[in-house]
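For the sequence shown, the UniProt record's numbering gives the first residue as 1, with consecutive numbering after it.
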Amino acid sequence: MTDSPDNRPPPADSHAPTPLDAHVHVWDLARRQLPWLPAGHRLRRDFTLPDLAAASGGRLPDTILVQADADPLEVTDLLDLAATTPSVLGVVGWFDLLTDVKLPQNSHLVGIRCPPADQTDPEALTDPALLRGVRAAADAGLAIDLLLRPPALIGAARLATAVPDARFVLDHLGNPATADADWLTGMTALADCPNVTVKLSGTAHLPSGTLAELIAVALDLFGSDRLMFGSDWPVCTLSSSRAEVVRRTTELLPAAAHNDVFRGTAQRTYRP
Numbered sequence: 001m002t003d004s005p006d007n008r009p010p011p012a013d014s015h016a017p018t019p020l021d022a023h024v025h026v027w028d029l030a031r032r033q034l035p036w037l038p039a040g041h042r043l044r045r046d047f048t049l050p051d052l053a054a055a056s057g058g059r060l061p062d063t064i065l066v067q068a069d070a071d072p073l074e075v076t077d078l079l080d081l082a083a084t085t086p087s088v089l090g091v092v093g094w095f096d097l098l099t100d101v102k103l104p105q106n107s108h109l110v111g112i113r114c115p116p117a118d119q120t121d122p123e124a125l126t127d128p129a130l131l132r133g134v135r136a137a138a139d140a141g142l143a144i145d146l147l148l149r150p151p152a153l154i155g156a157a158r159l160a161t162a163v164p165d166a167r168f169v170l171d172h173l174g175n176p177a178t179a180d181a182d183w184l185t186g187m188t189a190l191a192d193c194p195n196v197t198v199k200l201s202g203t204a205h206l207p208s209g210t211l212a213e214l215i216a217v218a219l220d221l222f223g224s225d226r227l228m229f230g231s232d233w234p235v236c237t238l239s240s241s242r243a244e245v246v247r248r249t250t251e252l253l254p255a256a257a258h259n260d261v262f263r264g265t266a267q268r269t270y271r272p
């Protein structure tokens, strides 16, 4: 079967490895309700690994699956997929880091994401209960994904400083609309924390000029060895095909950064 233009893989690049996609969601609405998706929403249908393969030129990419639901049962489902799918290299699951949760011993669990109730509040990131949970995750060898908005980034820098042994991953470049003062201040503070990496994900909706500026700033602040690629599929399909997300990110990065961004950083960060 011939790939459609939207799903065709980007042209081969001698400098770029086959991308490791460090930010993918899958869900089965018979098992997950996903209250953040209202009835009639374009994403309110099942998205599965075969769907991901179809969106990736017919071949399932190496992938990190990331939580989409605040439900430990989702983690079990994702870990089951990882156990039976060699190209799923790890799972970033949801656990409530504000409680004394017992973290499972599972080699496929490589990270935790527990978005705060207010993603703009820097003070929430230095809550003593959260600090205890982050330390427990770090002691278990797990990375911590941070889903935040620019006003909270300065709080994330304080968190990373307070728990220097933890590995933090800032999702979606910190969700900026532009390279405004809040974002620049927060990203500069985070760049001073060697235990923080940044995902070039959640960018499909951004104009190319804006994305080019954001990536250039992130590359200057963090270096390629602290940046990783994530498509944010299927959320990216609200604005773009997955293939287009890969193509655009590839073109906006210097060739010398490709090995880190498209594979090396994620492998180093999401180590079991």
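Even for Gly, the Cβ is constructed at its ideal location relative to N, Cα and C. As the structure is a computational prediction, the values presented were derived from the model and not from experiment.
Does the distance from the C-beta atom of THR197 to that of THR265 stay below 8 angstroms?
yes
Since GLY93 sits in a beta bridge, which residues does DSSP pair it with?
ILE112
When the Cα of PRO19 is compared with those of TRP36, SER56, LEU97, which residue comes out closest?
SER56
Rounded straight-line distance, which links the Cα of ALA137 to that of residue 292:
The requested residue 292 is not part of the displayed model; the chain covers only 1 to 272.
Assuming VAL92 contacts GLY111 (C-beta within less than 8 angstroms), just tell me the rounded distance between them.
4 angstroms
Do LEU146 and ASP118 count as a contact pair if the criterion is CB distance below 8 angstroms?
no
Please classify LEU131: does DSSP put it in a helix, a strand, or coil?
helix
Neighbour-count burial assignment, LYS199, 16 or more Cβ in a 10 Å radius
buried
Between the alpha carbons of PRO72 and GLN105, how many angstroms are there, rounded?
14 angstroms
Endpoints, beta strand (DSSP E) assigned at LEU170
168 to 170
Only counting the same chain, and skipping five residues up and downstream in sequence, which positions put a Cβ closer than 7 angstroms to that of PRO176?
PRO150, TRP183, LEU214
Rounded C-alpha distance that separates PRO122 from THR237
30 angstroms
Rounded to the nearest angstrom, how far is the Cβ of ALA108 from that of GLY133, given a contact under 8 angstroms?
Reading off the sequence shown, one finds His at residue 108, where the question assumed Ala. Wrong, their Cβ atoms sit about 20 angstroms apart, outside the cutoff.
Indicate whether HIS25 and VAL235 have their beta-carbon atoms separated by less than 8 angstroms.
yes
Buried or exposed: where does ASP100 fall if 16 or more other Cβ atoms within 10 Å of its Cβ makes it buried?
exposed
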